[in-house]
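Peer 1:
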Amino acid sequence: MTITSTRSTSGRWPGLDAAPTGLRTEVSSRVARRLFTHAVDALDVTVHVGEETLGRGGPAMTVHRPDELFARLGREGLIGFGEAYLTGAWTAEDLTGFLTVLAANVGDLIPQRLQRARSLVQRRTPRAHRTTQDRTRELIAHHYDLSNDLFGLFLDESLSYSSALFDGDLDEALLPAQHRKIDRLLDRAGVRAGTRVLEIGTGWGELAIRAAARGATVHTVTLSSEQLALAERRAAEAGLADRVSIELCDYREVRGEYDAVLSVEMVEAVGHEYWPTYFRTIDRLLAPGGRAAIQAILMPHDRMLATRGSYTWINKYIFPGGFLPSAQVIDEVTERHTSLRVTDRLAFGGDYAETLRRWDETFLAAEDDVRRLGFDETFVRMWHFYLCYSRAGFASGYLDVQQLTLERPASVMITP
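Residue numbers (this note's numbering): 1165 to 1580.
1) In chain order, what residues of the same chain lie with their CB nearer than 6 Å to the CB of Pro1184, ignoring the 5 residues before and after it?
2) Under 8 Å by Cβ, that's how I've got Ala1530 and Leu1317 pegged, so tell me the actual separation to the nearest angstrom.
3) Can you tell me which of Pro1230, Tyr1516 and Ser1322 puts its alpha carbon nearest to the alpha carbon of Leu1394?
4) Within the same chain, show all residues whose beta-carbon is closer than 6 Å to that of Thr1542, passing over the 5 residues directly before and after it, in chain order.
5) Hey, quick one: how far does the alpha helix (DSSP H) through Glu1417 stretch, first residue to last?
6) Quick check on DSSP: helix, strand or coil for Gly1486?
7) Give, in chain order, every unbroken run of the alpha helix (DSSP H) that is at least 4 residues long and sits entirely within the stretch 1371-1423.
8) Can you tell me where the beta strand (DSSP E) holding Ile1461 begins and where it ends?
9) With DSSP as the reference, identify every bridge partner of Ile1631, one or two as the case may be.
10) Quick one, which of Arg1416, Ser1324 and Leu1334 has its alpha-carbon nearest Ala1372's?
11) Does DSSP put Glu1429 in a helix, a strand or coil?
12) Taking the beta strand (DSSP E) that His1436 falls in, what are its first and last residues?
13) At which residues does the alpha helix (DSSP H) containing Pro1209 begin and terminate?
14) Excluding the five sequence neighbours on either side, which residues of its own chain have a C-beta within less than 8 Å of the C-beta of Asp1181, listed in chain order?
15) In whole angstroms, what is the alpha-carbon distance linking Thr1526 and Ser1490?
16) Given this structure, state the Cα-to-Cα distance separating Cys1552 from Ala1517, to the nearest angstrom.
17) For Pro1427, I'd like the list of residues in its chain whose CB is within less than 6 Å of its CB, leaving aside the five on either flank, ordered along the chain.
18) Given Leu1339, which residues of its chain have a CB within under 7 Å of its CB, disregarding the five upstream and five downstream residues?
19) Using the rule of at least 16 other Cβ atoms within 10 Å of the residue's Cβ for burial, across every protein chain shown, is Leu1187 buried or exposed?
20) So what does DSSP say about Ala1574, is it helix, strand or coil?
21) Considering only the beta carbon of each residue, do Thr1519 and Ser1311 sit closer than 7 Å?
22) Which residues in the same chain have their Cβ closer than 7 Å to the Cβ of Leu1334, if we skip the five residues on either side of it in sequence?
23) Taking 7 Å as the cut-off, decide whether the C-beta atoms of Gly1513 and Phe1558 are in contact.
24) Going by DSSP, what residues sit across from Trp1254 in a beta bridge?
25) Which of helix, strand or coil does DSSP assign to Arg1509?
26) Does the Cβ of Ala1341 have 16 or more other Cβ atoms within 10 Å, making it buried, or fewer, making it exposed?
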């Protein structure tokens, strides 16, 4: 078992040992407290800070160590807010509910007159987190090579780590909903017997297995050695090893020609600087008359522009180098840099909120097993916060997930 994380070699978590101190912290802490109070007083939440109660009523947050919360918030912004949860400086009984209110009002948490100054204090993406070819494998391993056993504790039998697509009944079991998501992508890409398929981002192999079961030949690429090993074993157990080729390879290095290119929630890990490269690669590899089908997590275009290049709690603790595109930017990038055009889209953000709810509940129920794998209490709190934080984005409508079909209209030409 390989476990990699943001932990130092001593097993402690860098940045969490002690709250920041000093004159700069004292000043920024006071500013953070005023901004925090102003923000939550206008929201449908209840925030207990000592004997003081803030907010208009709603999901509750209890601040146990105000000095630490505001010190972290003042010095590190939303990264510090998340870190204060990891240390227990604040808690929320309904964490998703509380975070959903924040997500629904994210554009107004900071007064408009101060928004323009945000770029002066906002943390920028570290150079080590840029998704260049020589760094991407390490960045991917940070998350996906944590432990196959860990992911197996909370995912369904398909080991699908992306949004399910329910049939309209949110009481439906997760496995058929995950298969519906995959099958729709395969249908949109025209995958059938004899189809040459490229998958960018193998996961644990479920899409490749289902494509091969249709009679397709599948070449799927990943940068996770842990995922590759298990995906190969699963394909062999399904009797499809002769139809599924799995390669440890950066998508930029793939060569060949394919009738269908599929990619599920991979574009989010590409990095905004490389979106043109990602879509040009799909365009280059797609045979004449072929189709691409991708599933992508999306954010509003204005928020994407406002936060592009920023460094977030999710980047630091979960997905280094990741950044979400908008639907508009995908249209713009493909129109400017490729011959591909989006010809079909399906939005189902509410299904992702439900998927995440189930993952989180299953994860928390398996806490003892998580600890037996070698993960500590801070990791459990981090993973719970991550799943609730993500669910809040979809529950509030701030985030969406879409399946997009890309084709080459006959009239489109692209200049190299």
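For every residue, glycine included, the Cβ atom is placed at its ideal position computed from N, Cα and C.
Peer 2: According to the structure shown:
1) Ala1235 and Arg1239
2) 4 Å
3) Ser1322
4) Trp1177 and Leu1250
5) Looking at the DSSP string, Glu1417 is not in any alpha helix (DSSP H), and its letter there is neither H nor E.
6) coil
7) 1389-1401
8) For Ile1461, the enclosing beta strand (DSSP E) begins and ends at Leu1450 to Leu1462.
9) Residue 1631 lies beyond the stretch modelled for the chain, which goes from 1165 to 1580, so this question has no answer here.
10) Ser1324
11) coil
12) Segment: none, His1436 is in no beta strand (DSSP E) and carries neither H nor E.
13) The question names Pro, but residue 1209 in the sequence shown is Val. It is not in any alpha helix (DSSP H) - Val1209 carries neither H nor E in the DSSP assignment.
14) none
15) 30 Å
16) If you draw a straight line from the Cα of Cys1552 to the Cα of Ala1517, it comes to about 9 Å.
17) Correcting the residue type first, residue 1427 is Ser in the shown sequence and not Pro. Here the set comprises Ile1364, Gly1365 and Ile1458.
18) Asp1320, Glu1321 and Ser1322
19) exposed
20) coil
21) no
22) Glu1518
23) yes
24) Bridge partners of Trp1254: Val1227.
25) Here Arg1509 sits in strand by DSSP.
26) For Ala1341, the number of other beta carbons within 10 angstroms of its own is at least 16, and it is reported as buried.
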